[in-house]
Amino acid sequence: MTNNDRDRKKTNGPGNARTSDPTVTAAHVSRRGVITAALITAVVGLVSAVLVALINTSAQPAKGADDRGTPSRSSPQSAAGTQPQENKPPEAVPEQVKLDADTAVDLDQLGATPVSATGPNGDLDLHFDGSNLSSNRSGLFYYYGTEQEATTQCPKIVSEGKGTVPGPEVISAGGQHCLRTSQGTVGWLSVNDVKIAANSGYIVLNYKLFR
66 MTNNDRDRKK
76 TNGPGNARTS
86 DPTVTAAHVS
96 RRGVITAALI
106 TAVVGLVSAV
116 LVALINTSAQ
126 PAKGADDRGT
136 PSRSSPQSAA
146 GTQPQENKPP
156 EAVPEQVKLD
166 ADTAVDLDQL
176 GATPVSATGP
186 NGDLDLHFDG
196 SNLSSNRSGL
206 FYYYGTEQEA
216 TTQCPKIVSE
226 GKGTVPGPEV
236 ISAGGQHCLR
246 TSQGTVGWLS
256 VNDVKIAANS
266 GYIVLNYKLF
276 R
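Per this note's numbering: the sequence shown = residues 66 to 276.
Take a look at the structure:
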């Protein structure tokens, strides 16, 4: 073996091979590319997730604003078109007073109490003698409407002075009148019960004053 052959053998030995194989070099490059691409994809995905989270957080309205902006759910009655009923105040119950024979009453007083009298004098508005009912200063007026209508009808009737009861009269149960008290207060009355008798008669009146 010549010296050239020895040198060539040393040069081509496995431990001294410096010349890279093209196939091995390509494999190394391909592996680096795959790793680099995977790292880039992971970074891009992470950044995208953070951006989406930030966008969603800023886009969500505050709880109070969401409550104000959300229309309230309608009740089944509203959905069915049923209107809630208005609470109307109940009709005032008329006051009541009982006049025995030869008693009179001042209706302007709260809780009017009958007193013995010979007629409707002074502040006494109504007097019952056992048979007839009479009023102070011609304060009774004929009325043929309803109790509810009396609120508007009696002030009109009294102001016009039409249908004035001329004097004492016998009144039957169910009869109605408009009235004007000694103090000028307009009202309405209805006979609830009556008994005609000289000494034991009585009359029960339901009445309202439109103060």
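Heads up, the beta-carbon is just placed ideally off N, CA and C, and yes, glycines get one too.
Note that the structure is a prediction, hence the values are computed from the model and not measured.
Three-state class that DSSP yields for residue i in the structure shown
i, result
"glutamine 248", "coil"
"threonine 183", "coil"
"histidine 223", "According to the sequence shown, residue 223 is valine rather than histidine. Residue state, collapsed to three classes: helix."
"glutamine 174", "coil"
"glutamine 213", "coil"
"histidine 93", "In this predicted model, histidine 93 has a pLDDT of only 48, less than 50, meaning its place in the structure is not dependable enough to derive any value."
"serine 143", "Legend: pLDDT at serine 143 = 47, less than 50; position of this residue unreliable, value from coordinates given subsequently. Three-state DSSP puts serine 143 in a helix."
"alanine 130", "Residue placement at alanine 130 cannot be trusted, given a pLDDT of 47 that sits under 50; the coordinates are not used to answer."
Nearest residue (CA-CA) to residue i, options the options
i, options, result
"valine 230", "Ser237, Lys221, Gly204", "Gly204"
"proline 179", "Tyr267, Lys273, Pro233", "Tyr267"
"glutamate 212", "Pro233, Ser200, Cys243", "Cys243"
"aspartate 171", "Pro233, Asp258, Val259, Thr250", "Thr250"
"serine 199", "Tyr209, Glu234, Ala238", "Glu234"
"histidine 192", "Ser247, Lys227, Glu214", "Ser247"
"glycine 187", "Cys219, Ala177, Ala169, Ala238", "Ala169"
"phenylalanine 206", "Lys227, Thr216, Glu214", "Lys227"
"aspartate 165", "Lys260, Arg276, Gln218", "Lys260"
Span of the beta strand (DSSP E) around residue i
i, result
"glutamine 161", "160-165"
"phenylalanine 275", "Phenylalanine 275 -> no beta strand (DSSP E), and no H or E assigned at all."
"serine 199", "198-200"
"tyrosine 207", "205-207"
"leucine 189", "Neither: leucine 189 is in no beta strand (DSSP E) and is coded neither H nor E."
Whole-Å CB distance - residue i paired with residue j, under 8 Å assumed
i, j, result
"proline 185", "asparagine 201", "4 Å"
"valine 223", "glycine 240", "Incorrect: roughly 17 Å between the Cβ atoms, too far for contact."
"tryptophan 253", "lysine 273", "5 Å"
"asparagine 264", "glycine 195", "6 Å"
"serine 181", "aspartate 190", "Rounded, the Cβ-Cβ distance is 15 Å, inconsistent with contact."
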